[in-house]
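The opening position of the sequence shown corresponds to residue 13 in the working numbering, with each subsequent residue numbered one higher.
Single-structure report; data block below.
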Amino acid sequence: MMAHESFDDETVAAILNEHYVTVKVDREERPDIDHIYMTYCQALQGEGGWPLTIIMTPDGHPFFAGTYFPKTPRYGRPGLIQILQEIARLWQTDRARLERASRSMAERMQPLFEGQAGEARGRDAADRAYQALEAAFDQEYGGFGPAPKFPTFHRVQFLLRYARLRPNERAAAMALSTLRAIQRGGIVDHVGGGMARYSTDPFWRVPHFEKMLYDNALALAAYADGYVHAKDPAFLRILRQTVAFFDREMRSPEGLYYSAVDADSAGGEGRFYLWRPEDVIAALGPEDGELYNAFYDITEAGNFEGANVPNYIGQDPAAFAASRGMTEESLWQKLDDLNEKLRSVRDGRERPAIDDKCLTAWNALMAYGLARAGLACGETAWVDRAREVVAAIERILVRPDDGRLLARYRDGEPGIFAYADDHAYLVAAYLELYRATLDRAYLHRARHWQAVQDALFWDKAQGGYTFYGRDAESLIAVPKPVYDGAMPSANSQSAHNLWMLHALTGDAEYADRMDGLLRAFGGDIASAPMDCLWLVTAAMMSEVGSTEIVIAAPQEEAARRARELGAMDLPEAVWLTSDARGDASMYPMEKHGAPQYFVCRGFRCDRPETDWKVVVEGLRQPPAWN
């Protein structure tokens with residue numbers, strides 16, 4: 013709106029060109045810049061959001077911040093023309109005061125970019141986070157808090173881990189009902205697959221129609237966790253639909269995934285996705301069209317601007333199937349066929365634009381989600397796809413002369429030094445691939461990229477990882493992100509990575525670094541556990557400790573056992589081959605011709621077992637959390 017209203021306007025352009033140097037920043041390419049100036053805006057105005065409007069000195073110190081401004085005063089907001097003219101006047105008449113104010117504000121803001129150090133008490137923080145989620149839980153429609161509702165899948169993953177480790181059935185019920193509510197709503201594209209950014213209403217019915225790669229990557233991981241916990245076939249269905257959509261419509265020729273699909277098409281929001289009853293009847297015929305309309309709530313009144321977003325909120329599929337003389341399985345088979353027909357019809361409409369940037373962080377998250385879902389559901393093709401994504405990242409987004417990871421690729425050009433989250437998500441993808449395959453090459457690459465991250469981003473004085481690397485452009489602040497927003501922060505994900513690397517390798521340096529990371533943000537964990545929930549989850553896992561399963565067996569047998577473990581609800585467990593720690597003789601491969609399995613808790617091992625059923629039965633019991 014601001015681009016159309018103001019930046020395309022000749023009057024505004026004339027003022028900007030006379031008095032200002034204008035810079036438009038893609039916040040997905042430069043999240044470091046966005047993070048710093050958004051923090052400034054929130055500190056100055058008490059709120060933030062996009063578009064973000066900043067006016068700063070030539071050396072980058074801001075002295076004015078806001079979000080959306082209309083061209084002329086409206087909605088109780090000052091007009092952009094008015095703002096630009098007044099600031100230009102002040103710059104000419106009182107420039108020194110503006111410069112002093114900008115530097116003073118920057119100095120006062122520095123603590124906002126640092127973590128709050130302190131002792132990290134994982135259990136206490138996890139309990140308080142659970143209580144906050146329980147208080148905010150929407151009993152009727154799932155999710156947490158009022159509209160707009162964002163999926164925020166790391167909340168679901170926290171609850172499922174908490175349910176296992178405390179144990180707590182209520183936590184699992186909240187997580188699973190949220191996953192089911194999201195799946196039934198219009199936030200999911202039932203015709204074509206994939207998920208929109210958020211729901212504009214409390215029911216998950218009407219989405220903001222933009223589809224983001226990172227949301228869907230995190231959805232894969234969360235629904236995979238839900239599937240291993242509940243074995244709900246509906247979760248497997250949404251996983252298959254999501255993977256199919258991204259492979260069909262969002263995969264680049266190089267093997268990476270594009271960033272997003274716009275919300276608008278044909279001159280309006282969501283028009284590509286909307287249906288009227290007569291549209292469905294024309295596409296499917298009277299009988300199938302009536303069934304489809306009845307199930308997916310396609311009505312004459314509509315649920316969005318006189319048309320309909322397909323959803324089955326409040327629908328009982330089993331009861332609906334029975335009312336039509338069908339089994340639930342045959343109903344879903346029928347609906348899948350009908351959605352495929354509607355997708356073919358919809359493909360003839362004007363399509364929303366695709367943001368064809370390929371971002372390292374989001375692709376690494378997608379590789380992680382694919383590997384996690386593939387392991388949980390026994391879908392080896394998804395694991396293979398995750399292999400292809402990380403291979404493409406290594407091939408395209410690693411600078412050949414010095415091995416520097418880059419952040420984005422578009423139109424044949426890789427560029428921009430990668431950030432801490434690029435590295436953290438890539439390490440997570442490699443660790444999940446190791447869990448899925450027990451291929452030591454993936455563990456080796458995880459250790460490599462963790463070492464690179466440590467060298468470029470670790471704050472040696474205070475602990476924690478900085479947003480951008482030592483070799484990157486120097487900005488007016490060096491943030492250490494800990495807030496888990498739409499995606500987990502680099503520090504939160506790194507804590508999980510370090511926990512798993514220590515459990516897999518036994519290398520105490522990983523444990524020491526994780527302890528340092530948790531101390532660097534211990535105050536944040538204590539004071540605002542919901543703001544850094546994925547870090548709280550890692551602190552919880554650290555206190556519980558790991559269960560290590562060493563599989564002393566030939567590779568094929570070991571990989572089969574890994575797949576069986578991946579289908580179990582064992583967030584505290586890692587599994588590895590007998591040679592993963594460099595000395596296979598510690599774990600003799602066979603006893604009397606049978607493979608051996610070593611189950612260790614906190615590196616204290618039970619006697620080796622040759623009966624796999626005994627191993628599995630022992631793992632079903634949650635670990636003691638003293």
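Think of the CB as a built atom: it goes at the ideal place given N, C-alpha and C, for glycine as much as any other residue.
Owing to the predicted nature of the structure, the values given are computational and were not obtained by experimental measurement.
For residue i, which option in the options has the closest C-alpha, if you only look at C-alpha atoms?
| i | options | result |
| --- | --- | --- |
| glutamine 327 | Leu631, Glu340 and Ala319 | Glu340 |
| isoleucine 405 | Gly301, Leu354, Val357 and Arg457 | Arg457 |
| leucine 445 | Asp368, Pro634, Tyr324 and Val586 | Val586 |
| arginine 115 | Phe75, Arg107 and Phe81 | Phe75 |
| phenylalanine 149 | Ala184, Gly60, Glu569 and Asp46 | Ala184 |
| glutamate 266 | Arg619, Tyr421 and Asp46 | Tyr421 |
| serine 271 | Phe258, Ala523 and Gly58 | Phe258 |
| leucine 296 | Trp287, Lys353 and Arg112 | Lys353 |
| histidine 31 | Thr23, Gly415 and Asp38 | Thr23 |
| phenylalanine 170 | Gly238, Ala118, Tyr380 and Glu111 | Gly238 |
| glycine 279 | Phe610, Ala365, Trp287 and Gly415 | Ala365 |
| alanine 141 | Thr79, Pro541 and Cys612 | Pro541 |
| alanine 132 | Pro620, Phe533, Ile563 and Pro634 | Phe533 |
| leucine 145 | Ala419, Gly61 and Asp543 | Asp543 |
| asparagine 228 | Arg192, Leu377 and Ala419 | Leu377 |
Given this structure, state the Cα-to-Cα distance separating residue i from residue j, to the nearest angstrom.
| i | j | result |
| --- | --- | --- |
| valine 439 | arginine 120 | 35 Å |
| phenylalanine 221 | alanine 373 | 22 Å |
| histidine 166 | alanine 26 | 46 Å |
| alanine 636 | methionine 207 | 37 Å |
| glutamate 41 | glutamate 290 | 43 Å |
| methionine 50 | aspartate 44 | 10 Å |
| tryptophan 461 | histidine 435 | 6 Å |
| tryptophan 470 | isoleucine 488 | 18 Å |
| proline 90 | proline 63 | 15 Å |
| asparagine 323 | leucine 387 | 29 Å |
| glycine 155 | arginine 252 | 23 Å |
| glutamine 143 | glutamine 97 | 50 Å |
| asparagine 375 | leucine 102 | 45 Å |
| asparagine 29 | methionine 14 | 17 Å |
| alanine 294 | glycine 301 | 8 Å |
| cysteine 370 | alanine 233 | 20 Å |
| alanine 625 | serine 590 | Note on identity: in this sequence residue 625 is lysine, with alanine being the wrong assignment. Those two C-alpha atoms are separated by around 19 Å. |
| isoleucine 310 | glutamine 122 | 53 Å |
| glycine 205 | leucine 588 | 35 Å |
| lysine 492 | phenylalanine 125 | 6 Å |
| isoleucine 199 | tyrosine 308 | 13 Å |
| isoleucine 537 | alanine 137 | 6 Å |
Is the beta carbon of residue i less than 8 Å from the beta carbon of residue j?
| i | j | result |
| --- | --- | --- |
| methionine 499 | arginine 135 | no |
| serine 558 | glycine 518 | no |
| leucine 450 | alanine 571 | yes |
| arginine 361 | phenylalanine 284 | yes |
| glutamate 584 | leucine 177 | yes |
| isoleucine 325 | tryptophan 394 | no |
| leucine 582 | serine 554 | no |
| leucine 547 | alanine 507 | yes |
| glycine 203 | arginine 358 | One detail in the question is off: residue 203 reads as valine in this sequence, not glycine. Taking 8 Å as the Cβ cut-off, valine 203 and arginine 358 qualify as a contacting pair. |
| phenylalanine 162 | tyrosine 226 | no |
| isoleucine 408 | leucine 268 | yes |
| glycine 497 | glycine 127 | no |
| glutamate 391 | alanine 385 | yes |
| alanine 313 | arginine 288 | no |
| glycine 417 | alanine 430 | The sequence shown places leucine at residue 417, not glycine. Yes, these two residues count as a Cβ contact at 8 Å. |
| alanine 275 | threonine 212 | no |
| serine 504 | valine 490 | no |
| aspartate 48 | isoleucine 99 | Sequence inspection shows isoleucine at residue 48; the aspartate mentioned does not correspond to that position. Not in contact: isoleucine 48 and isoleucine 99 (Cβ atoms no closer than 8 Å). |
With which residues is residue i paired in a DSSP beta bridge?
| i | result |
| --- | --- |
| glutamate 560 | Val586 and Cys612 |
| methionine 68 | Pro74 |
| tryptophan 287 | Asn320 |
| leucine 418 | Phe429 |
| phenylalanine 149 | Phe156 |
| arginine 263 | Tyr269 |
| serine 277 | Gly280 |
| isoleucine 366 | Val273 |
| histidine 220 | Tyr210 |
| lysine 161 | Ser211 |
| leucine 371 | Arg420 |
| glutamate 569 | None; glutamate 569 has no bridge partner. |
| cysteine 617 | Cys612 |
| proline 493 | In DSSP, proline 493 forms no bridge with anything. |
Could you tell me which uninterrupted alpha helix (DSSP H) segments, each at least 4 residues in length, are contained entirely in the stretch 307-360, listed from first to last along the chain?
You should have 329-335 and 340-358.
Let me know the alpha helix (DSSP H) ranges lying completely inside the stretch 21-62, each 4 residues or longer, listed in chain order.
Entirely contained in the stretch 21-62, the alpha helix (DSSP H) runs reaching 4 residues are, in chain order, 22-31 and 43-57.
Mind listing, in chain order, the continuous alpha helix (DSSP H) runs of no fewer than 4 residues lying wholly within the stretch 82-149?
Whole alpha helix (DSSP H) segments, 4+ residues: 92-105, 107-121 and 134-148.
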